[in-house]
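Below you'll find the structure, written out as structure tokens, and then a few comments.
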Amino acid sequence: MEHEHSIEAIQQRLSEGPRHNYLRDWIYGGIDGSVTTFPVVTGVIGAQLSPIVIVIMGFANLIADGFSMAASNFLGTKAEHDDFRRLEAIEHRHIDLAPEGEREEVRQIFAAKGFAGSDLDRVVELITSDRARWVQTMLSDEYGLPKEARSPLFAAVSTFSAFAICGLAPLIPFLIGAVNPFALSILLTGVVFFAIGSAKSRWSTGSWWRSGLSTLFVGGIAASLAYVVGVVLKHVAR
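In this note's numbering, the protein residues as written are 11 to 248.
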């Protein structure tokens, strides 16, 4: 069982309220960090440039692209907050200007859920007797919004941390001066791709190995394209 169903456990879980999940931000940042940093490595190797160029460009990518993704996620999530507040204000205004129309909306919402007769009248009365509950019902059932929007800061931090951690893997062999840094970089990046894919399968119904291989496949395509571009540009620049 995913959680307990004792009276105490249920009471505690419901009192804590729903928890926001920032898994998608971490997965998104981690995959993008690896996908964008490893092609920098393959591109520079394909162009036969100095390893120091790999380190410089790699870290520039980690900082610049990581921050860009985090900032974009922050602003995008903040826009969700702004939209939430906008719709909340609209519902408050509608209740003030057309309360009977809003009651009818509640009635039709719960009628569609199977309520009828005195049960429907009672639930409409309960919902509309409390303004906050009334507005929240309209936001969730009419607009499909959650009770509360996710934190823009947590979303941004999740994205940036995953991007930096996973994106560092392709650069480690060049930082430590490995004998065959490119081969080791390929191996480490492949492990990261597979690990991220396998980890995200925990929150899906798919098998861990299939999820890992699909993520590895996508990352491999991105890296291969960057390597080809590096080789082509090397010959064009001659």
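In this text, a Cβ means the ideal position worked out from N, Cα and C, and glycines have one as well.
**OP:** Measure the alpha-carbon distance for L85 versus F94 and round it to whole angstroms.
**Re:** 14 Å
Original post:
Thinking just about the alpha-carbon of each residue, which of K88, R141 and K123 is nearest to the one in P109?
Top reply: R141
Original post:
Helix, strand or coil: which one does DSSP assign to R160?
Top reply: Three-state DSSP puts R160 in coil, outside helix and strand.
**OP:** With a cut-off of 8 Å on the beta carbons, I'd call F203 and T225 a contact; round off their distance for me.
**Re:** Taking 8 Å as the upper bound for CB-CB distance, F203 and T225 are in contact here, some 5 Å apart.
Original post:
Under a Cβ-count criterion, where at least 16 other Cβ atoms within 10 Å of its own Cβ denotes burial, should F227 be classed as buried or exposed?
Top reply: exposed
Subject >> Start-to-end residues for the alpha helix (DSSP H) that takes in Q58 >> reply: From DSSP, Q58 is part of no alpha helix (DSSP H); its letter is neither H nor E.
Subject >> Option nearest P49 by Cα separation, candidates V246, V239, L155 and L197 >> reply: V239
Original post:
Where does E90 sit, in a helix, a strand or coil, going by DSSP?
Top reply: helix
Subject >> Rounded C-alpha distance that separates I186 from V63 >> reply: Going by the C-alpha atoms only, they are around 15 Å apart.
**OP:** Classify K210 as helix, strand or coil using the three-state DSSP reduction.
**Re:** In this structure, K210 counts as helix in the three-state DSSP scheme.
Original post:
Where does E18 sit, in a helix, a strand or coil, going by DSSP?
Top reply: E18: helix per DSSP, three-state reduction.
Original post:
L165: which of L155, I66, S82 and Q146 sits nearest, CA to CA?
Top reply: Reading off the sequence shown, one finds Ala at residue 165, where the question assumed Leu. Cα-wise, what sits closest to A165 is S82.
Original post:
Just reading off the alpha helix (DSSP H) that A126 is part of, what are its end residues?
Top reply: Per DSSP, A126 belongs to no alpha helix (DSSP H) and is neither H nor E.
Original post:
When the Cα atoms are used, what is the spatial distance from L198 to P183?
Top reply: 9 Å
Subject >> Euclidean distance between Cα positions of M148 and V133 >> reply: Taking the straight line from one Cα to the other gives about 14 Å.
Subject >> Inter-residue Cα distance where the pair is V45 and V54 >> reply: 15 Å
Subject >> Residue range of the alpha helix (DSSP H) that includes P183 >> reply: I182 to L185
Original post:
Straight-line CA distance for I41 to F173?
Top reply: Our two residues, I41 and F173, have alpha carbons roughly 7 Å apart in a direct line.
**OP:** Give me the Cα-Cα distance between M11 and I17, rounded to the nearest whole angstrom.
**Re:** In this prediction, M11 has a pLDDT of 49, which is less than 50 and means its spatial position is unreliable; what the coordinates show is noted afterwards. Roughly 16 Å between the two C-alpha positions.
Original post:
What span of residues does the alpha helix (DSSP H) with S150 cover, start to end?
Top reply: R141 to D151
Subject >> Pair within 8 Å by beta-carbon distance, E101 and V145 >> reply: yes
**OP:** Rounded to whole angstroms, what's the CA-CA distance from P61 to H15? Just pull it up for me.
**Re:** 57 Å
**OP:** Report yes if the CB atom of W47 is closer than 8 Å to the CB atom of P191, and no otherwise.
**Re:** The displayed chain sequence assigns Thr, not Trp, to residue 47. The beta carbons of T47 and P191 sit no closer together than 8 Å.
**OP:** With distances taken Cα to Cα, identify the nearest neighbour of H245 among L155, G56, G229 and A70.
**Re:** G56
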